[in-house]
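First residue of the sequence shown? That's 32 in our numbering, and the numbers climb one at a time after it.
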Amino acid sequence: MKKRRVVIGVLGTVMDKRGKRANRLRKWRPTVALCLQPDLPVDRLELLHQPQDRGMAEQITEDISQLSPHTTVRACPVTIADPWDFEEVYAAFLDFATHYQFDTEHEEYLVHITTGTHVAQICWFLLTEARYLPASLIQTGPASREAPEEAVPVGRYSIIDLDLSRYATLTSRFQREQQESVSFLKAGIDTRNATFNALIDQIERVALRSTAPLLLTGPTGAGKSFLANRIYQLKQSRHQLSGRLVAVNCATLRGDNAMSTLFGHVKGAFTGAVAARAGLLREADGGVLFLDEIAELGLDEQAMLLKAIEEKTFFPFGSDKEVRSDFQLIAGTHRDMRQWVAEGRFREDLYARINMW
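Below, the structure is given as structure tokens:
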């Protein structure tokens with residue numbers, strides 16, 4: 032049994048509005064045109080529109096009923112105060128998709144991405160790609176200038192299949208680039224160690240898809256600093272960072288020097304503070320902060336670091352004014368962190384926060 036074809040789209044208040052009836056029937060309007068394709072009959076159109084555009088939606092419905100009588104149009108009012116607000120549009124479309132009664136056994140679905148604001152089109156794409164809508168995308172466009180007059184209202188269309196696994200060239204390219212990234216993290220050294228290979232594969236996926244803190248554990252000389260630098264270079268090559276890599280061995284930091292080095296200080300904050308200092312956290316803004324041997328930090332510094340990670344703000348030593356720095360943290364240690372926490376040497380909440388990966 033052939034499935035019914037259902038198109039979901041949003042009313043285009045600019046492109047779908049084309050003046051007096053006799054004139055508009057001769058012009059290309061995307062919502063009407065998608066119902067006029069001779070090789071792609073549409074059984075039902077779910078037409079989302081703002082409540083204040085009800086009259087225009089009724090006009091479109093009337094025109095479609097005349098030009099494509101086999102197409103049923105269901106007008107669906109959706110309230111969006113600001114159609115350029117990404118969060119609001121996405122939430123409205125997500126609500127529609129969540130409550131819509133999809134019947135994939137008897138119906139096939141297309142999502143129309145030609146109408147609405149650019150924000151609306153992006154939201155449709157994201158929701159469809161994430162499979163909130165079990166559909167493919169359909170894009171309509173005007174006919175070529177050489178097309179005969181009777182073809183102008185119909186225009187043209189293309190269906191976009193988001194299943195990238197069907198595109199062998201793209202798939203092989205993605206796999207090749209991933210292997211290049213993995214090889215980069217390994218410094219070009221091939222190994223048959225399955226555990227090591229699996230670890231590097233996981234680091235590659237995490238490094239390019241997450242900005243959460245990374246914790247690298249292992250004995251001194253295992254290559255934690257080298258790997259942190261490679262992760263930074265990999266992210267930088269994908270244009271994910273605007274700042275630099277800032278690294279410090281926390282075992283070298285003690286007392287006021289620890290606070291000053293990490294968080295900076297104001298002039299006169301302590302004896303010898305003859306000038307203000309920005310601190311490493313601010314120097315790492317937009318980039319990566321690598322804190323090697325993080326377990327050696329004092330409890331006071333740990334408390335301030337936790338706040339800086341969670342809120343992206345902190346107080347320089349001796350200052351009552353917060354400063355901001357947005358960095359990704361990579362931490363390294365040769366200690367048994369669970370034991371360190373159990374002995375009260377390291378804050379449990381900070382350990383949980385840096386041990387995301």
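Backbone N, C-alpha and C fix where the C-beta goes; we use that ideal spot for every residue, glycine too. Source: prediction; values computed, not measured.
| Item | Value |
| --- | --- |
| Under a Cβ-count criterion, where at least 16 other Cβ atoms within 10 Å of its own Cβ denotes burial, should Gly318 be classed as buried or exposed? | buried |
| Would you mind reading off the limits of the alpha helix (DSSP H) that contains His130? | 117–130 |
| For Arg248, which residues does DSSP report across the bridge? | In the sequence as presented, Arg is not what sits at residue 248; that position holds Thr. Thr248 is bridged to Thr364. |
| Within this structure, are the beta carbons of Leu42 and Leu78 separated by less than 8 Å? | yes |
| Going by the CB atoms, is the gap between Leu239 and Lys217 shorter than 8 Å? | no |
| Tell me, to the nearest whole angstrom, how far the beta carbon of Val38 is from that of Val73; I am working on the premise that it is less than 8 Å. | 5 Å |
| Looking at C-alpha atoms only, which residue of Leu141, Lys58, Ser189, Gln370 is the closest neighbour of Leu98? | Lys58 |
| As an exercise, report each continuous beta strand (DSSP E) stretch of at least 3 residues that is fully enclosed by the stretch 293–359, in chain order. | 319–323 |
| What would DSSP say about Asn54, mapped onto helix, strand or coil? | helix |
| Take the Cβ of Ile95 as the centre, count every other Cβ of all protein chains shown within 10 Å, and call the residue buried at 16 or more, exposed below. | buried |
| If contacts are defined as beta-carbon pairs under 8 Å, then Pro26 and Thr148 qualify, I think. What distance do you get, rounded to the angstrom? | One cannot answer for residue 26 here, as it falls past the ends of the chain, which runs 32 to 388. |
| For His137, tell me which candidate among Asp116, Ile111, Arg236, Lys34 has the shortest Cα-Cα distance. | Lys34 |
| I need the straight-line Cα distance from Asn224 to Ile231, nearest angstrom please. | 11 Å |
| Considering Ala10, what are the terminal residues of the beta strand (DSSP E) in which it resides? | Outside the displayed span of the chain (32 to 388) sits residue 10, for which this structure offers no information. |
| Tell me, which residues are paired with Thr148 by DSSP? | None; Thr148 has no bridge partner. |
| In chain order, what residues of the same chain lie with their CB nearer than 6 Å to the CB of Tyr163, ignoring the 5 residues before and after it? | Ala128 |
| What residue does the beta strand (DSSP E) around Gly40 start on, and which one ends it? | 35–41 |
| Who are the Cβ neighbours of Pro61 in its own chain at under 7 Å, not counting the five residues just before and after it? | Gly43, Met46, Asp47, Thr145, Thr146, Thr171 |
| Quick one, are the C-beta atoms of Thr22 and Ala106 less than 8 Å apart? | The chain is shown from 32 up to 388; residue 22 falls before or after that span and cannot be answered. |
| Around the C-beta of His296, are 16 or more other C-beta atoms found within 10 angstroms, so that it is buried, or is it exposed? | buried |
| Label Pro347 either buried or exposed according to how many other C-beta atoms from any shown protein chain fall within 10 Å of its C-beta, with 16 as the threshold for buried. | buried |
| Across the stretch 274–281 and the stretch 236–251, are there enough close Cβ pairs to call them in contact, namely three or more that are closer than 8 Å? | no |
| My output table needs one value for Arg376: the three-state DSSP class, helix, strand or coil. | coil |
| Candidates Arg384, Thr364, Phe345: which alpha carbon is nearest Ser356's? | Phe345 |
| Could you tell me how far apart the beta carbons of Ala166 and Val142 are, in whole angstroms, since I believe they sit closer than 8 Å? | 5 Å |
| For the beta strand (DSSP E) containing Ile169, list its first residue and its last residue. | 166–172 |
| Run through the DSSP bridge pairs and tell me what Ala106 is partnered with. | Leu78 |
| May I ask which residues mark the beginning and end of the alpha helix (DSSP H) holding Tyr263? | 255–268 |
| What residues in its chain sit with their C-beta under 7 Å from that of Ala64, if we drop five residues either side in the sequence? | Thr171, Pro184, Val185, Gly186 |
| When you compare the stretch 350–369 with the stretch 320–338, are there three or more beta-carbon pairs, one atom per stretch, that lie closer than 8 Å? | yes |
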